[in-house]
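In the numbering used here, the protein residues as written are 761 to 1065.
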């Protein structure tokens, strides 16, 4: 059973990757998860300077999911390179660093710092951040802003650039094409959906930030649809995510056109979810005599007319 997949020239031992924001900096999970048995992981978003994040409450459970407004809390690129990256050298799994900022210059500054380090497979560019230079609209919601961001990141990066797309757009296919034409080596989707929950007794938002990002099983059918639309629109690899909790969930995304998948919210319920899904996916394929997991990518069969 061959579980290997290749995304943007990077070979992963299997297609199951831990999603950004749910796996800390990776090294924190080494006593819980066998890091050599997962395809790879994406770090928390790394910014130019340390960030404290939003005030609590900033994470709540919802029906079949959760809403978070963590606020991209992180230790900053300098501390990441000094304290978090070196211990990861003893593991074989691919390390992808999620990069974010509020102006294009912020992203470029982080990438240029990361370029100096060893042990990083790729950068995942978080395009869901508000572009403060142009009124606060998310980079991923505006064609011009996304094109500028991706082009600059690609120009300065010494590694593959994966662009993480926002689902809060009119056409995910159009944004996927924009990322591809601007130089992205791969795309990942979907990020969380903007959402609101209200405490009916206090009549106040349940999240201090008022709105937050909805993730978990509740969004999976929408995410699968968006991955399918994006995969139809581009030739670069697609990494799918959104509510994956089982091997069968992962297979849905692969059939829709994803080459690999990311698992996020499931890790809150089970810290070993990534490893368990990877293991279960291999058994799922073996029982169906699928020799290579890569055969599943884009293999959805459409109804005949």
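For each residue, glycine too, the CB sits at the ideal point set by N, CA and C.
Source: prediction; values computed, not measured.
For residue i, the residue or residues it bridges with in DSSP
{"i": "residue 884", "result": "858, 922"}
{"i": "residue 964", "result": "959"}
{"i": "residue 1021", "result": "776, 1000"}
{"i": "residue 834", "result": "811"}
{"i": "residue 801", "result": "778, 855"}
{"i": "residue 974", "result": "827, 953"}
{"i": "residue 817", "result": "DSSP, once it has assigned bridges, lists no residue as partnering residue 817."}
{"i": "residue 946", "result": "922"}
{"i": "residue 767", "result": "770"}
{"i": "residue 822", "result": "825"}
{"i": "residue 728", "result": "Since the first residue shown for the chain is 761 and the last is 1065, residue 728 is missing from the structure and cannot be characterised."}
{"i": "residue 1052", "result": "762"}
{"i": "residue 806", "result": "859"}
Test item: CB-CB of residue i and residue j under 8 Å
{"i": "residue 768", "j": "residue 880", "result": "no"}
{"i": "residue 996", "j": "residue 945", "result": "yes"}
{"i": "residue 871", "j": "residue 916", "result": "yes"}
{"i": "residue 782", "j": "residue 1028", "result": "yes"}
{"i": "residue 882", "j": "residue 925", "result": "no"}
{"i": "residue 776", "j": "residue 1023", "result": "yes"}
{"i": "residue 762", "j": "residue 1021", "result": "no"}
{"i": "residue 994", "j": "residue 936", "result": "yes"}
{"i": "residue 991", "j": "residue 1058", "result": "yes"}
{"i": "residue 913", "j": "residue 947", "result": "no"}
{"i": "residue 1033", "j": "residue 1042", "result": "no"}
{"i": "residue 857", "j": "residue 803", "result": "yes"}
Reference residue i; option with closest CA among the options
{"i": "residue 828", "options": "1056, 770, 971", "result": "971"}
{"i": "residue 1017", "options": "785, 933, 902, 885", "result": "933"}
{"i": "residue 864", "options": "966, 1055, 910", "result": "910"}
{"i": "residue 968", "options": "1042, 957, 809", "result": "957"}
{"i": "residue 975", "options": "770, 779, 772, 771", "result": "779"}
{"i": "residue 940", "options": "920, 929, 928", "result": "920"}
{"i": "residue 835", "options": "980, 785, 1064", "result": "785"}
{"i": "residue 1055", "options": "1065, 1019, 1064", "result": "1019"}
{"i": "residue 927", "options": "918, 1065, 980", "result": "980"}
Beta-carbon proximity list for residue i, same chain, < 7 Å, skipping 5 on both sides
{"i": "residue 832", "result": "805, 807, 811, 813, 860"}
{"i": "residue 894", "result": "905"}
{"i": "residue 797", "result": "1035, 1038"}
{"i": "residue 977", "result": "824, 825, 1003, 1005"}
{"i": "residue 845", "result": "877, 879"}
{"i": "residue 794", "result": "1035"}
{"i": "residue 869", "result": "808"}
{"i": "residue 770", "result": "854, 881, 882, 920"}
Cβ shell of residue i (< 8 Å), same chain only, five flanking positions each side left out
{"i": "residue 873", "result": "837, 838, 841"}
{"i": "residue 830", "result": "781, 813, 814, 818, 819"}
{"i": "residue 889", "result": "832, 860, 861, 862, 898, 899"}
{"i": "residue 892", "result": "862, 863"}
{"i": "residue 1100", "result": "Lying before the first or after the last residue shown, residue 1100 is absent from the chain, which here runs from 761 to 1065."}
{"i": "residue 1060", "result": "988, 1015, 1016, 1017"}
Contact set for residue i: own chain, Cβ-Cβ below 6 Å, skip 5 residues either direction
{"i": "residue 938", "result": "903, 906, 907"}
{"i": "residue 1040", "result": "1007"}
{"i": "residue 966", "result": "820, 957, 959"}
{"i": "residue 809", "result": "836"}
{"i": "residue 799", "result": "772, 773, 774, 775, 776, 777"}
{"i": "residue 875", "result": "918"}
{"i": "residue 973", "result": "828, 952"}
Cutoff 8 Å: residue i Cβ touching any chain B Cβ
{"i": "residue 978", "result": "Among the chains in the structure shown there is no chain B, since it carries only a single protein chain."}
Notebook entry, point to check: With contact counted as at least three CB pairs below 8 Å, one residue from each stretch, are the stretch 957–977 and the stretch 897–913 in contact?
Noted result: no
Item checked: Segment contact flag, the stretch 947–955 with the stretch 999–1017, C-beta cutoff 8 Å, min 3 pairs -> yes
Note to self: For the pair the stretch 798–815 and the stretch 1040–1048, tell me if three or more CB-CB distances fall below 8 Å.
What the structure shows: no
Check: Can we say the stretch 969–989 touches the stretch 1011–1023, given the rule of at least three CB pairs closer than 8 Å?
Finding: yes
Note to self: Quick test of the definition: if touching needs 3 or more C-beta pairs under 8 Å, does the stretch 842–851 touch the stretch 780–797?
What the structure shows: yes
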